[in-house]
Structures are given as C-alpha cells and as structure tokens.
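Engineer: Per full-length UniProt numbering, the very first residue in the sequence shown carries number 1; after that it's consecutive.
The beta-carbon is built from N, C-alpha and C at its ideal position, and this holds for glycine as well.
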Amino acid sequence: MIPLIILYFLLISTESSFAVEPNEMIDDPILEARARIISANVRCPVCQNQSIDDSHAELAHDLRLLVRERVMAGESDEQVFEFLVNRYGKFILLKPPKIFGTLLLWYGPVGLFILSIIVLIFSFSRRYKSAAPVPLTPEERIRLVKFLGKHKNNRRS
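1) Can you tell me which of the three DSSP states arginine 143 falls into?
2) Give the C-beta separation of isoleucine 30 and valine 67 to the nearest angstrom, bearing in mind that I take them to be a contact with Cβ-Cβ under 8 angstroms.
3) At which residues does the alpha helix (DSSP H) containing arginine 43 begin and terminate?
4) What does the Cβ neighbour count give for valine 20, buried or exposed, with the cut at 16 atoms within 10 Å?
5) Is alanine 73 buried or exposed, if buried means 16 or more other CB atoms sit within 10 Å of its CB?
6) Does leucine 103 come out as helix, strand or coil in the three-state DSSP assignment?
7) Considering Cα atoms alone, identify which of Tyr88, Lys98 and Val71 is closest to aspartate 28.
8) For leucine 59, which of helix, strand or coil comes out of DSSP?
9) Does the Cβ of valine 42 have 16 or more other Cβ atoms within 10 Å, making it buried, or fewer, making it exposed?
10) Compare the beta carbon distance of serine 59 and proline 45 with 8 angstroms and say whether it is the shorter of the two.
11) Leaving out five residues before and five after alanine 40 in sequence, what residues of the same chain have Cβ atoms less than 6 angstroms from its Cβ?
12) Going by beta carbon distance, what residues of the same chain come within less than 8 angstroms of glutamate 24, once the five residues before and after it are set aside?
13) So aspartate 77 and arginine 34 are in contact, right, with Cβ under 8 angstroms, and what is the actual spacing, rounded?
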C-alpha cells in the first residue's frame, strides 16, 4: 500500500512536466531547447504563477506555439521576449527586469520599515533629552502668584 501512495504522489508532483505536448515540439533539438528556455521564463496569464512551459491552460498552449513559430522564423530570444512584452506587458515575464518600478515594489516596504524605525528612535530620544526648564524671571513669578491667588479665590466661592 505504501509504494502505491508514494507512486501516486510522484505522479502528481511531476504532472507539470507533461504540459508541453509532443505535437508542439520542434524537430530541431537546438531550436526546441531555445523555445523551452523562453517558455520557461514566460508567465501563464491564466495560471499567473506558472510558466507557460508548465501550464495546461489553453492560452499557455497557444503561447507555446507562438514562441515556437517565432523561434523557427529566426528571431532571437530577446526579440521573442520583446514581442510578448509588447503584446501582454511586463507581467508576462516570470523574472521582471530590474527597473525602478520593480525595485520599488520589492525593496520599498523594507525601506519604509527601516525609515519608521529611525523616526521612532529619534522621537523617543528627543523626548528623553529635553532641556532643563528655564527658571522664571521675577516679573513672571509675580504674575504667576497673582494668577494663582485669583484662581484660589474663585475656587472657594
């Protein structure tokens, strides 16, 4: 019984490797290898976290055929990626380019966290480093005594 369970889980875990169908493959092994490398780096718009090479979606099948057509037409890998990005946007790439927008998405939260820690440290340190109070001048003391005297009289009545 245990060998059957192990076999079952092995078949489930390798299911994604059967996504590329034999009728999709190019006869030339070099071109097929290029097409597999490209399709392994293209995100399936339906599955979103799978490459078109691993996806069983119909759109992934169409994209694999499109990649193979372009490779057979003699386009370079960069041209195929550029075509796909122009058609579907940068989201189609599983490994997005390192530009300001993507770096901001990846490292922005970490930067905001560090900035908030720094602000908290400075605000707490300023609170504890407050200067000694300045003593009142004689005129201010007289005014304070008069004010407190009036205030005491008002409270009694």
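Structural biologist: The short version:
1) Position 143 of the sequence shown holds residue 143. The answer is helix: DSSP assigns arginine 143 an H, G or I state.
2) Position 30 of the sequence shown holds residue 30. Position 67 of the sequence shown holds residue 67. 15 angstroms between Cβ atoms; not a contact.
3) For the purposes of this step, residue 43 is identified with residue 43 of the sequence shown, where counting begins at 1. Premise fails: arginine 43 is in no alpha helix (DSSP H) and is neither H nor E.
4) On the sequence shown, residue 20 is found 20 positions in, with the first residue counted as 1. Under this definition valine 20 is a buried residue.
5) The count along the sequence shown starts at 1 and reaches residue 73 at position 73. Counting Cβ neighbours within 10 Å, alanine 73 comes out exposed, since fewer than 16 surround it.
6) The residue you call residue 103 lines up with position 103 of the sequence shown. In the structure shown, leucine 103 sits in a helix (DSSP, three-state: H, G or I).
7) Working through the sequence shown from its first residue, we reach residue 28 at position 28. The residue with the shortest Cα to Cα distance from aspartate 28 is Val71.
8) Reading the sequence shown from its first residue, position 59 is the one you call residue 59. Leucine 59: helix per DSSP, three-state reduction.
9) Position 42 of the sequence shown holds residue 42. Flag for valine 42 reads buried.
10) By 1-based counting over the sequence shown, the position of residue 59 is 59. By 1-based counting over the sequence shown, the position of residue 45 is 45. The question names serine, but residue 59 is leucine in the sequence shown. Yes, the Cβ-Cβ distance between leucine 59 and proline 45 is below 8 angstroms.
11) Start at 1 with the first residue of the sequence shown, and residue 40 comes out as number 40. Cβ neighbours of alanine 40 beyond the five flanking positions: Ser51 and Asp53.
12) The residue labelled residue 24 in the question sits at position 24 within the sequence shown. If we look at glutamate 24 and ignore the five residues flanking it on each side, its Cβ neighbours are His61, Arg64, Leu65 and Arg68.
13) Walking along the sequence shown from the start, residue 77 turns up at place 77. Walking along the sequence shown from the start, residue 34 turns up at place 34. Contact holds; Cβ gap of about 6 angstroms.
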